[in-house]
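One structure below.
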Amino acid sequence: MNGILLIDKPQGMTSHDVVRRVRRLLRTRRVGHTGTLDPLATGVLPVAVGEATRIVQFLMEGDKTYRAVLKLGETMTTQDAEGEVLERRPVAGITAEAVMAAGRSFVGVIRQLPPMYSALKKDGVPLYRLARQGIEVERESREVRIDRLQILAVDLPLITLEVDCSKGTYVRTLCHDFGLALGTGAHLVALRRTRSGTFTEADCVTLEQLETDDAAKPPLLSVTEALAGMPALEIDAEAARRLADGIPPTLASLATAPGCPEGATVRLLHDGILLAVARFAPGRLSEKRGDFELLRVFQAARAA
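Using my numbering, you'd call the opening residue of the sequence shown number 7 and step up by one each time.
See the structure below:
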């Protein structure tokens, strides 16, 4: 059993809880998720089964869309409603115009300081474990990209927003920083991921549906379908044969010009069959390494 299962994660479960449930339902051990959602969050959680676990790294690269509700006036230890209150401030006098202006200030490339309550590791230990022991360690801020931040509703002290963002964005931290920008403090109280890469909430099934339906025939997307958002490049038969030996193709072996920028992650196909995922790296030919950096070669290539 191989493919991508799109789960609508319920509130109160960790992503690993979902993986364990899928393993039990499908009676297979080779299952993994493609990006952690906190227990508080719901929504799109792609789960890889069997051979599809080999493409998890590519699915995690996709941009995300979230719908979030934040509460002004309270700063929390965890930056969300599951923590303890650190500070309370009044929200009287906060206008809709001020909220809109704060939202606009976060659009673009911004820096975030990862929260202590996160799965990031310090010397092999998840930060959240250290945080539960009252230990705080130094973290480096990092760049993330906010493509869109739309304020959907203002009902103080609650604000509902929708955000399109790059991978690695902490929406909890975005809400925390939103509160800092308004001078009131804030924390996340509800979160739903409505899109992960090319997958949307409309594509998902619930765990209950998976249990009710025929578990022997789960609604799995094939590896080819799951990677459909990547540019597809057709290579000739000779390049396909060499690919099976781990030799990257050259531009001369393509049926058409790439049409994608240097550094793009692409699918390499022959006769419409997915053979590999590679990074477009023109110029490697001068080093006799082809014009692509192979990232993953599939069984189909070895059988070609």
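For every residue, glycine included, the Cβ atom is placed at its ideal position computed from N, Cα and C.
Touch check for the stretch 199-218 and the stretch 103-110: three-plus C-beta pairs under 8 Å?
-> When C-beta atoms of the stretch 199-218 are compared with those of the stretch 103-110, fewer than three pairs fall below 8 Å, so the two segments do not count as touching.
Out of ARG94, TYR134, ALA261 and PRO225, point me to the one whose CA is closest to THR190's CA.
-> If we check each option's Cα against that of THR190, ARG94 comes out closest.
Secondary structure at ALA250, three-state DSSP: helix, strand or coil?
-> Looking at ALA250 - three-state DSSP - the assignment turns out to be coil, as it is neither helix nor strand.
Length of the line joining the Cα atoms of PRO225 and GLU214 = C-alpha separation (whole angstroms): 13 Å.
Would a C-beta distance cut-off of 9 Å place LEU233 and LEU280 closer than the cut-off?
-> Contact flag set, yes.
Secondary structure of ASP23, DSSP reduced to three states | In the structure shown, ASP23 sits in a helix (DSSP, three-state: H, G or I).
Close beta carbons around CYS266, own chain, < 7 Å, minus the five adjacent residues each side = PRO237, VAL272 and PHE286.
Can you tell which of GLU231, ASP69, MET122 and LEU227 has its C-alpha closest to the C-alpha of ARG151?
-> Checked all of GLU231, ASP69, MET122 and LEU227; the closest Cα to ARG151 is ASP69.
Which residue or residues does DSSP assign as beta-bridge partners of MET122?
-> In the DSSP output, where bridge partners are listed per residue, MET122 has none listed.
Euclidean distance between Cα positions of GLN118 and THR20 | Looking at the two C-alpha atoms, the distance is approximately 23 Å.
Three-state secondary structure (DSSP) at ARG285?
-> Look at ARG285 here: in three-state DSSP terms it is strand.
What does a CB cutoff of less than 8 Å around PRO254 pick up in its chain, not counting 5 residues either side in sequence?
-> ALA284, ARG290, ARG295, GLY296, ASP297, PHE298, GLU299 and LEU300, listed in sequence order.
Burial state of GLY121 (16 or more Cβ within 10 Å) = Looking at the sequence itself, residue 121 is Pro, so the reference to Gly does not match. Buried, because 16 or more other Cβ atoms sit within 10 Å of the Cβ of PRO121.
In chain order, what residues of the same chain lie with their CB nearer than 6 Å to the CB of THR166, ignoring the 5 residues before and after it?
-> Taken in chain order, the residues that qualify are VAL75, LEU158 and ALA159.
Whose C-alpha, out of ILE61, ALA282, LEU65 and LEU12, is nearest the C-alpha of LYS173?
-> Of the candidates ILE61, ALA282, LEU65 and LEU12, the one whose C-alpha sits nearest the C-alpha of LYS173 is LEU65.
What is the rounded straight-line gap between the Cα of LYS223 and the Cα of ILE10?
-> Cα to Cα, the separation comes out at about 13 Å.
Let me know the alpha helix (DSSP H) ranges lying completely inside the stretch 196-284, each 4 residues or longer, listed in chain order.
-> Whole alpha helix (DSSP H) segments, 4+ residues: 213-218, 229-232 and 243-249.
Is CYS171 closer than 9 Å to ASP153 when the C-beta atoms are compared?
-> For the 9 Å CB-CB criterion, ASP153 and CYS171 form a contact.
Which full runs of the beta strand (DSSP E) of 3+ residues lie inside the stretch 75-159, going along the chain?
-> Within the stretch 75-159, the complete beta strand (DSSP E) runs of at least 3 residues are 80-82, 91-94 and 114-118.
Alpha carbon to alpha carbon, how far is GLU90 from LEU46? Give it in angstroms, no decimals.
-> Computed Cα separation, rounded: 15 Å.
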